Each structure stands twice: as structure tokens, then as C-alpha cells.
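**Student:** Pasting in a structure now, in C-alpha cells, and then I'll have a few things to ask.
Residue numbers (this note's numbering): 90 to 417.
This is the structure we're talking about:
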């Protein structure tokens with residue numbers, strides 16, 4: 090009787106374990122991360138790009154052999170459609186039961202560098218929506234993304250708008266942003282290698298109770314630098330001048346308001362004043378892409394950035410080069 094009970098218990102355990110084995114999720118995964126960049130430099134150079142990074146995982150690494158043949162298709166609002174091959178790809182052999190491959194796709198339109206464009210003229214000029222379709226190892230994912238024009242800058246001297254981005258020494262400069270009130274705002278990049286930013290992120294995560302860094306959205310960057318027209322390193326202007334609530338060694342403030350004012354003796358002939366103004370929006374995860382791809386997950390970041398380089402007492406009408414200003 091005891092032996093029969095033992096056999097029954099053993100059989101029940103076997104059924105339970107078999108059921109658990111069947112419940113183990115498939116390790117196949119397709120992770121899509123999109124960054125939309127809308128960059129304007131002095132209003133005469135515009136760069137719009139859609140960068141898509143893809144991580145694909147499979148338990149059988151042989152399934153990844155054809156991953157380099159993956160394609161991205163972008164359809165513009167006017168119906169034009171382009172096919173994009175991977176800009177780069179990398180295979181990682183099986184570790185912890187799965188093998189990985191990473192792919193990078195980019196569609197770019199740059200009015201100042203036609204040779205870097207890989208889409209038809211004016212293809213990305215519309216705000217959207219643009220249809221993105223990914224075909225990876227025979228599985229599909231698709232979603233719609235849009236650009237935005239939400240930022241603006243006005244610069245004044247003697248109550249007149251600055252003409253052709255040329256400043257006049259000896260005259261006060263006033264800079265207005267649109268929106269006027271922004272926040273949270275940073276004067277340096279949100280870099281996790283920055284100790285102060287990392288500590289603030291950890292504090293925020295612990296206060297949130299889930300111990301995960303929660304992205305702030307939207308967030309802004311406002312930075313003013315001064316350099317020389319002949320090139321060389323630009324120097325960051327004291328952020329307490331234009332970041333309300335600035336704290337030493339911290340790169341973030343809850344909120345700030347423009348205008349920013351420069352006195353007439355703060356820049357001289359040959360100086361370059363560089364304004365970097367950026368807004369970043371992080372969309373809720375898994376809200377953009379859908380399809381039949383297994384383990385599909387996605388994230389989208391909208392990055393809108395304005396850069397203005399104002400030359401002091403510039404006599405030449407030659408285009409202003411930003412290469413020597415060390416702007417990333």
C-alpha cells in the first residue's frame with residue numbers, strides 16, 4: 090500500500106513537472122528601439138533621421154544565420170516607400186540558453202550633407218506619420234512614428250531680432266526660448282557615467298518604490314557655450330546664469346524660464362556664442378509596434394534639437410562652420 094502511494098505521488102510529480110516544462114516561455118525575442126532625431130542648425134541646416142536598433146534572440150543559434158538579410162521599409166505620408174538594409178549587424182554566440190544578433194538601420198536626410206542621405210529628396214521633410222516595417226527572419230513588426238517641431242528660439246539686440254546670426258559687440262543680447270518655461274532641464278547630457286546624475290537617478294528610483302530608473306519625459310537640455318571663431322574648445326557658461334535652482338555638481342533642475350541676458354561686455358569681436366536647446370520625449374514602452382514577431386517589445390524616443398552659433402562682428406557672409414566648435 091505504501092509502495093502504491095509512493096508510485097502515485099511520483100507519477101503526479103511527473104505530470105506536474107511536465108506541465109511546468111510546457112509552460113516555460115519561448116526564448117525567441119525581437120526588441121526594437123527607435124530614436125527620431127530632428128536637428129536644426131541656425132535654421133539653414135536640417136538633419137532628420139530615424140535610427141532603429143534591433144535585438145533578436147533565438148534558442149537555436151542556427152536560426153540567426155540569415156539575420157543580415159533583414160530589412161526595414163519606411164513609407165512616407167505621400168506614399169513613397171524605401172527599403173533600408175542593415176547599416177551594421179553583430180552576432181553573439183549562444184549564452185545562457187540563447188544566441189543574440191543586433192542590427193542597426195538608419196534613414197537619414199541632411200540638407201547640409203547630401204552625400205550622407207540615403208532616402209529620396211524631401212522624403213523626411215513631412216512630420217509624418219511614417220510607417221516603419223521590419224522583416225526579421227521571416228517575422229514582421231510595424232508601427233507609425235512622427236517628427237515634431239515644438240521648439241523655438243528668438244534672439245534680440247537693441248529690441249531687434251538678430252540678423253543672419255551675427256552679433257554686435259557692445260550690445261546686450263537677450264535670448265528667448267519657446268516654450269518659455271521648461272523642465273526638468275539639464276545643462277549637461279544625461280550620462281549614466283556622470284556620478285551626480287547616477288545618484289539622482291538612484292534616489293528617484295528608490296523613492297518610486299520599484300527600484301528602477303524612471304525616464305523623465307519630456308526632458309530638456311539648455312546649454313550656452315562661448316568660443317572663438319578661429320576654432321578651439323568652447324567654454325560652458327556658468328549654468329547658474331540660465332538654470333533656475335542650479336546646484337553645484339548637479340546637472341538637473343526641476344524648471345527654468347527664459348529669457349537669458351548677456352551684458353554688452355560679455356562677448357567681444359571674434360567670439361562665438363553657441364546655444365544648444367533640446368527636448369527629449371520617451372514614449373510608453375510597447376505602444377508603437379505590433380506584428381507576428383515572437384517576444385516583440387519596443388521603445389521610441391523623440392529627440393528635437395536646435396543649435397545656434399552666433400558670431401560676433403562677422404564681416405564675411407560665408408556659411409558658419411560648426412566642426413571646430415566641438416559640438417556633439
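Every residue gets a Cβ at the ideal spot worked out from N, C-alpha and C, and that includes glycine.
All figures in this text were calculated on a predicted structure; none of them were measured in a lab.
#1: Would residue 156 pass as a contact of residue 145 if the rule is Cβ separation under 8 Å?
#2: Starting from residue 419, follow its DSSP beta bridges and name the residues at the other end.
#3: Quick test of the definition: if touching needs 3 or more C-beta pairs under 8 Å, does the segment 261 to 271 touch the segment 339 to 349?
#4: Go ahead and pull the three-state DSSP assignment for residue 182.
#5: Could you check what DSSP says for residue 368 in three-state terms: helix, strand or coil?
#6: With C-beta atoms as the reference, is residue 220 less than 8 Å away from residue 392?
#7: Whole angstroms are fine: how far does the CA of residue 310 sit from the CA of residue 240?
#8: Residue 196: which of 338, 131, 136 sits nearest, CA to CA?
#9: Please return the same chain residues whose Cβ sits closer than 6 Å to the Cβ of residue 218, not counting the five positions on each side in sequence.
#10: Going by DSSP, what residue range makes up the beta strand (DSSP E) through residue 212?
#11: Put residue 325 into one of helix, strand or coil per three-state DSSP.
#12: If you draw a straight line from the alpha carbon of residue 179 to that of residue 193, how long is it in whole angstroms?
#13: Could you pull out every residue in the same chain whose Cβ sits closer than 6 Å to the Cβ of residue 222, ignoring the five residues on either side in sequence?
#14: Give the DSSP-derived three-state secondary structure of residue 204 in the structure shown.
#15: Going by DSSP, what residue range makes up the beta strand (DSSP E) through residue 244?
#16: What residue does the beta strand (DSSP E) around residue 376 start on, and which one ends it?
#17: When you compare only the Cα positions, how much space is there between residue 139 and residue 212?
#18: Can you list, in chain order, the residues of its chain whose CB lies under 6 Å from that of residue 365, leaving out five sequence neighbours each side?
#19: As a quick exercise: from 208, 250, 344, pick the residue whose alpha carbon is nearest that of residue 169.
#20: Using alpha carbons as the reference points, say which of 229, 246, 141, 403 lies closest to residue 390.
#21: Once you ignore the five residues that flank residue 308 on each side, which residues in its own chain have a CB closer than 6 Å to its CB?
#22: Pull up the distance between the alpha-carbon of residue 371 and that of residue 228, whole angstroms please.
#23: Quick one: what does DSSP say residue 151 is sitting in, helix, strand or coil?
#24: Can you tell me where the beta strand (DSSP E) holding residue 330 begins and where it ends?
#25: Give every residue of the same chain whose Cβ lies closer than 6 Å to the Cβ of residue 385, excluding the five residues on either side of it in the sequence, and list them in chain order.
**Tutor:** This is what the structure gives:
#1: yes
#2: Residue 419 lies beyond the residue range present for the chain, which begins at 90 and ends at 417; the question has no answer from this structure.
#3: yes
#4: strand
#5: strand
#6: no
#7: 12 Å
#8: 136
#9: 233, 235
#10: Unbroken run through residue 212: none, as it is neither H nor E.
#11: strand
#12: 9 Å
#13: 162, 231
#14: helix
#15: 241 to 246
#16: Premise fails: residue 376 is in no beta strand (DSSP E) and is neither H nor E.
#17: 12 Å
#18: 312, 396
#19: 208
#20: 141
#21: 273, 369
#22: 26 Å
#23: helix
#24: Note, residue 330: premise wrong, no beta strand (DSSP E); not H, not E.
#25: 119, 230
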